[in-house]
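**Student:**
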Amino acid sequence: MTVSEQNKEQSILESARSLFLSKGLAGTSMHDIAVQAGTTKSMVNYYFRSKERLFARIFREEFAHLFASIGAIIQQDLPLKEKIRQIVKVDLEKLMSMTELPMFIMSELYRNPEIILKDLDHVPIKKITSRLEEDINAEVKAGLIRYMDAKELMINIQSLTIYPILAKPLLIHRMGHTEKSFNQLMEKRKNDIVEFIWNSIKV
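For the sequence shown, counting from 1, position 201 maps to 679 in the working numbering; every step adds exactly one.
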């Protein structure tokens with residue numbers, strides 16, 4: 479593939495990413511992608527064959543970006559509370575940099591489960607939760623915390639990080655926050671979430 483072809487493919491990918499994040503799979507057409515990329519529908523088909531294949535690639539990349547850093551943190555040799563602290567920090571910073579991502583993932587999981595779930599087979603979720611389970615058991619054995627299933631712990635963390643991003647329009651338009659105060663709230667929650675989670679399991 480020539481440099482020109484690589485640039486064209488990347489331009490199509492970035493245009494599709496922007497449109498899928500804002501409009502979802504159903505709301506985006508190959509024509510829309512072509513117009514935004516400054517090319518033709520036939521060229522988009524040439525590089526990616528179908529909207530579904532292009533969407534699957536975008537979703538895979540975005541999902542991987544969201545969870546790759548979390549997986550890396552869990553695999554480190556750190557105390558459990560420090561892992562929770564780093565997971566919360568990375569999670570919130572990634573979500574704040576792309577606030578459309580959580581809604582995109584959740585809506586497409588419901589609208590296109592056959593595409594999404596098939597494309598998540600590469601994500602090593604069992605490996606990640608297995609290591610986290612080891613950390614939890616070690617802290618329980620040391621008498622520091624009460625047992626909590628690793629999957630449940632991740633659900634609790636992700637619920638507390640993702641919900642405010644999903645609810646951002648409500649928080650700004652109905653609960654008196656400005657863009658600045660919302661960002662300040664998210665910064666404060668980096669510590670608040672950690673303490674809330676830890677207090678719920680510590681002995």
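Where is the CB? At the ideal position from N, CA and C, for every residue including glycine.
Keep in mind it's a predicted model, so treat the numbers as computed, not measured.
Is it the case that the Cβ atoms of residue 635 and residue 675 are separated by a distance below 9 Å?
**Tutor:** It is a contact, given that the beta carbons lie within the stated cut-off.
**Student:** Nearest CA to the CA of residue 639: which residue from 621, 572, 608?
**Tutor:** Comparing Cα-Cα distances from residue 639 to each of 621, 572, 608, the minimum goes to 572.
**Student:** Check for me: the alpha helix (DSSP H) holding residue 672 runs from which residue to which?
**Tutor:** From DSSP, the alpha helix (DSSP H) with residue 672 extends over 657–679.
**Student:** Closest to residue 512 by C-alpha separation, out of 504, 677, 523, would be which residue?
**Tutor:** The candidate whose alpha carbon is nearest that of residue 512 is 523.
**Student:** Would you mind listing the alpha helix (DSSP H) stretches within the segment 534–606 that are 4+ residues and don't spill past its ends, in chain order?
**Tutor:** Taking only runs of at least 4 residues, the alpha helix (DSSP H) segments lying wholly in the segment 534–606 are 558–575, 579–589, 591–597.
**Student:** Got a sec? Which residues, its chain only, sit under 8 Å from residue 589 by beta carbon, not counting five neighbours each side?
**Tutor:** If we look at residue 589 and ignore the five residues flanking it on each side, its Cβ neighbours are 502, 503, 504.
**Student:** Of all the options 561, 659, 622, which has the alpha carbon lying nearest to the alpha carbon of residue 606?
**Tutor:** Here the closest residue by C-alpha is 561.
**Student:** Just how far apart, CA to CA, sit residue 592 and residue 540?
**Tutor:** Those two C-alpha atoms are separated by around 17 Å.
**Student:** What residue does the alpha helix (DSSP H) around residue 648 start on, and which one ends it?
**Tutor:** Where residue 648 is concerned, the enclosing alpha helix (DSSP H) stretches over 646–651.
**Student:** Rounded to the nearest angstrom, how far is the Cβ of residue 587 from that of residue 499, given a contact under 8 Å?
**Tutor:** Actually they are not in contact, since the Cβ atoms of residue 587 and residue 499 sit about 14 Å apart, beyond 8 Å.
**Student:** Keeping to the same chain, check which residues put their C-beta closer than 8 Å to that of residue 672; ignore five residues upstream and five downstream.
**Tutor:** Answer for residue 672: 559, 562, 563, 566, listed in chain order.
**Student:** Nearest-angstrom Cα distance between residue 569 and residue 548?
**Tutor:** Roughly 8 Å between the two C-alpha positions.
**Student:** Which one or two residues does DSSP pair with residue 623 in a beta bridge?
**Tutor:** Its beta-bridge partners are 680.
**Student:** Can you give the Cα-Cα distance for residue 668 and residue 677, rounded to whole angstroms?
**Tutor:** About 15 Å.
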